[in-house]
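Below is one structure, written out as structure tokens, with a few remarks after it.
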Amino acid sequence: MSHVVSDELVERARELPTEPGVYRFVDADGQALYIGKAADLRDRVTSYFTAGTHGHGPRIDRMLAEAEGIETVLVDSEQEAYLLESNLIKEKKPRYNVRLTDDKRYPWILVSDEEHPRIDITRDKAEEGDYYGPFPDVGSARELVNLLREAFGVRDCPRELPEGCIKHDIGLCKAPCMLDIEETYAEAVERVQHVLKGNPQPAIAVLEERMHQASEERRFEQAARLRDEIEDIQRLLDEQAIFASDREDRDAIAIEGTPEHGVAVVLPRRSGRVIDAQDFRLPGFEEADRAELLAEFLARYYEDRPSIPHRILVPEMPTGHEELAQALGAQAGRKVRFRVPQRGKGKRMLDLAEKNAGFQLKQLQTERGPDPGVVDLKQRLALAEMPRRIECVDVSHHGGEGVVAGLVTFEDGHADKSGYRRFDLSIESNDDVAGIREVTRRRLRRLTEEGKGLPDLFLVDGGRAQADAAREAARELGLELAILGLAKEEEAVHRPGWRDPIDLPNEAAGLKLLMRARDEAHRFANQYSSTKRTNTLTDSVLDDVPGVGPELRRRLLREMGSVDGIREATAEELTAIDGVGPKRARRIKATLGEG
-10 MSHVVSDELV
0 ERARELPTEP
10 GVYRFVDADG
20 QALYIGKAAD
30 LRDRVTSYFT
40 AGTHGHGPRI
50 DRMLAEAEGI
60 ETVLVDSEQE
70 AYLLESNLIK
80 EKKPRYNVRL
90 TDDKRYPWIL
100 VSDEEHPRID
110 ITRDKAEEGD
120 YYGPFPDVGS
130 ARELVNLLRE
140 AFGVRDCPRE
150 LPEGCIKHDI
160 GLCKAPCMLD
170 IEETYAEAVE
180 RVQHVLKGNP
190 QPAIAVLEER
200 MHQASEERRF
210 EQAARLRDEI
220 EDIQRLLDEQ
230 AIFASDREDR
240 DAIAIEGTPE
250 HGVAVVLPRR
260 SGRVIDAQDF
270 RLPGFEEADR
280 AELLAEFLAR
290 YYEDRPSIPH
300 RILVPEMPTG
310 HEELAQALGA
320 QAGRKVRFRV
330 PQRGKGKRML
340 DLAEKNAGFQ
350 LKQLQTERGP
360 DPGVVDLKQR
370 LALAEMPRRI
380 ECVDVSHHGG
390 EGVVAGLVTF
400 EDGHADKSGY
410 RRFDLSIESN
420 DDVAGIREVT
430 RRRLRRLTEE
440 GKGLPDLFLV
450 DGGRAQADAA
460 REAARELGLE
470 LAILGLAKEE
480 EAVHRPGWRD
490 PIDLPNEAAG
500 LKLLMRARDE
510 AHRFANQYSS
520 TKRTNTLTDS
530 VLDDVPGVGP
540 ELRRRLLREM
550 GSVDGIREAT
560 AEELTAIDGV
570 GPKRARRIKA
580 TLGEG
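Using our numbering, the first residue of the sequence shown is number -10, and each one after it goes up by one.
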């Protein structure tokens, strides 16, 4: 029996990104029919429709015939795709997936609840103790257990051996069952648990000290082995990115848009696990309206939710965020906080939400065709190529110091966040012309070296002098491409070498597109300049806190996201961070002020 597959479905598959993720075939009602994972979404999903690969069997053929759409969630690695696929299959229960009734196929690491705790791998939770995981496969769990056992001598034997064993003789166990080492063994177990909770720094500090000592004593082979152990521990923890080291519920929310289209993505994490990605259509908006639209979306999204997480990660503070947090807190029956994470696990989670939002926006733009400004520019300026890809640069600084540049990319008239780039410039003054020359040269050289195509139009924020500087930089590299400058205020369009600006009507779609790209580059460059300045000020503010050194400062910022986050945190939240006791928490609060 033959089954007809929609041409639209095949075309949708061809438009998927070549990145890792989870895909869902859905029916006309949006119900999941089949969920799968992929290292390359486009390659995997198109394989369902490629000639010669229809030997899936009648089950998958029936699924394809029922499917009306394909939904995706982008992730950072195959390991994350593997775990997220399982989460979604359990939650959505798609009809055509093989049903798995429990978590027993996932390995966990156990630190047993015994007088002398042991470390072990298990697929169930029958024994008393602390469990860490689950892990994508037993191999990664076993590798981490072996590394920790070798590094810290924690036992793994199923029962205590009062007379010792060979593992003690070869240095793989501290032998707590035969030696009186209660205190040092407890310290070793504590270091192991720090690593398994996702905070390897205390343990790594011990290993680094051993490594430096071995090197000073010219035991280079042992120093190299310790170095490899440190790198391997960090690598194995990074592979567990889909799980957070704490179990606090939180949502990451991103919105992306143009004046024509808008998209919001909510990435919820429950019990330490990212469980799905939800996307919503929004009205089009300008960058200046983002904070207000974000506030409106948050209020609507959470108004009928049965549970609201303690922490909500956002790309910027929504308009009226204090009042909104209070309203959501009253609904949840406890305090709710907004955070704009700058680094660490929260930043990674928000980046993932923004990555999914960018992809959804791009799909929406593709469905609705190119912006009319693209065609208008080609016709009015007699360009050799349709300006489907426009790159625009702007230079920013604070009083001539910390000169940076921002570059944004527009595809078919719509912002493409994957093409945004930041530059730290070498010039030490507020010479915009020199800055444009440098960033143009660096950008075009990089594209050429990587074998990537040049943009159809290169736009600079400025007048004739800036446009001329960009052309000079291109010609130094032996390149010719369409270059324009767009001056602020008068909105005059300048071509390199032309004395007079090009007069485009204010209502022209092409001019409006150039203005959107220029304004976005200006916003992006200023944002980067402000971020760099804030980071510098942040370091100096935290330097004033007694007893907070560089490592603890990094840990505080990683956990709380920013100085404001540290200031707003309660003493209890601060003392939950390694290295912060009650006395130090009071010092931090006293120095930074209460939130």
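Beta carbons are placed, not taken as given, at the ideal position from N, Cα and C, and that holds for glycine. This one's a predicted model, so the numbers in the text were calculated from it and none came from an experiment.
- CA-CA distance, residue 474 to residue 31, rounds to 37 angstroms.
- Within the segment 433 to 493, the runs of beta strand (DSSP E) at least 3 residues long that lie entirely inside it are, in chain order, 446 to 450 and 472 to 475.
- Contact annotation, residue 392 with residue 425: C-beta distance approximately 11 angstroms; criterion of less than 8 angstroms not satisfied.
- Within the same chain, Cβ atoms closer than 8 angstroms to the Cβ of residue 306 are found at 280, 327 and 329, the five residues on either side in sequence being excluded.
- Cβ-Cβ distances below 8 angstroms link residue 218 to 136, 139, 140 and 196 in the same chain, with the five nearest sequence neighbours on each side left out; the list follows chain order.
- Contact check for residue 39 against residue 3 fails: the beta carbons are separated by 8 angstroms or more.
- Shortest Cα-Cα distance from residue 568 to any of 531, 580 and 538 involves 538.
- Distance between residue 369 and residue 506, taken at the CA atoms: about 18 angstroms.
- Exclusion of the five residues before and after residue 386 leaves 392 and 419 as the residues of its chain whose Cβ lies within less than 6 angstroms of its Cβ.
- Its chain contains 256, 302, 338, 339 and 342 as the residues whose beta carbon lies nearer than 6 angstroms to that of residue 241, once the 5 sequence neighbours on both sides are disregarded; these appear in chain order.
- Within the segment 380 to 438, the runs of alpha helix (DSSP H) that reach at least 4 residues and sit entirely inside it are, in chain order, 421 to 438.
- In the structure shown, residue 551 falls within a coil segment according to DSSP collapsed to helix, strand and coil.
- Here residue 105 carries a coil assignment [DSSP, helix/strand/coil].
- Beta-bridge partners assigned by DSSP to residue 241: 256 and 302.
- In the structure shown, residue 567 falls within a coil segment according to DSSP collapsed to helix, strand and coil.
- A direct Cα-Cα distance of roughly 6 angstroms separates residue 381 from residue 396.
- Within 10 angstroms of the beta-carbon of residue 519 lie fewer than 16 other beta-carbons, which makes it exposed.
- A direct Cα-to-Cα measurement between residue 103 and residue 190 gives close to 25 angstroms.
- In this chain, residue 359 is not harboured by any alpha helix (DSSP H), its DSSP state being neither H nor E.
- Residue 502 is a Cβ neighbour of residue 360, given a cutoff of 8 angstroms.
- Residue 222 and residue 333 have their alpha carbons spaced roughly 17 angstroms apart.
- Residue 373 counts as exposed, since fewer than 16 other beta carbons sit within 10 angstroms of its beta carbon.
- Of the residues 131, 108 and 377, the one whose Cα lies closest to the Cα of residue 362 is 377.
- Residue -1: member of the alpha helix (DSSP H) spanning -4 to 3, first to last residue.
- Residue 495 and residue 481 have their alpha carbons spaced roughly 10 angstroms apart.
- DSSP, read as helix, strand or coil, puts residue 100 in strand.
- Here residue 183 is not bridged, per DSSP, to any residue.
- Judged by DSSP secondary structure, residue 49 falls within the alpha helix (DSSP H) whose first and last residues are 47 to 55.
- For the pair of segments examined, the segment 572 to 580 was found not to touch the segment 347 to 358: the number of CB pairs separated by less than 8 angstroms stays below three.
- Counting along the chain, residue 62 sits inside no alpha helix (DSSP H); it lies in the beta strand (DSSP E) bounded by residues 58 to 63.
- In the assembly as shown, residue 315 is an exposed residue. Its beta-carbon has fewer than 16 other beta-carbons within 10 Å.
- With fewer than 16 other CB atoms across the displayed protein chains lying within 10 angstroms of its CB, residue 201 is exposed.
- Boundaries around residue 290 are those of the alpha helix (DSSP H), 279 to 291, since no beta strand (DSSP E) includes it.
- For residue 54, the closest C-alpha among the options 476, 37 and 297 is that of 37.
- The C-beta distance from residue 492 to residue 455 rounds to 19 angstroms, too long to fall under 8 angstroms, and the pair is not in contact.
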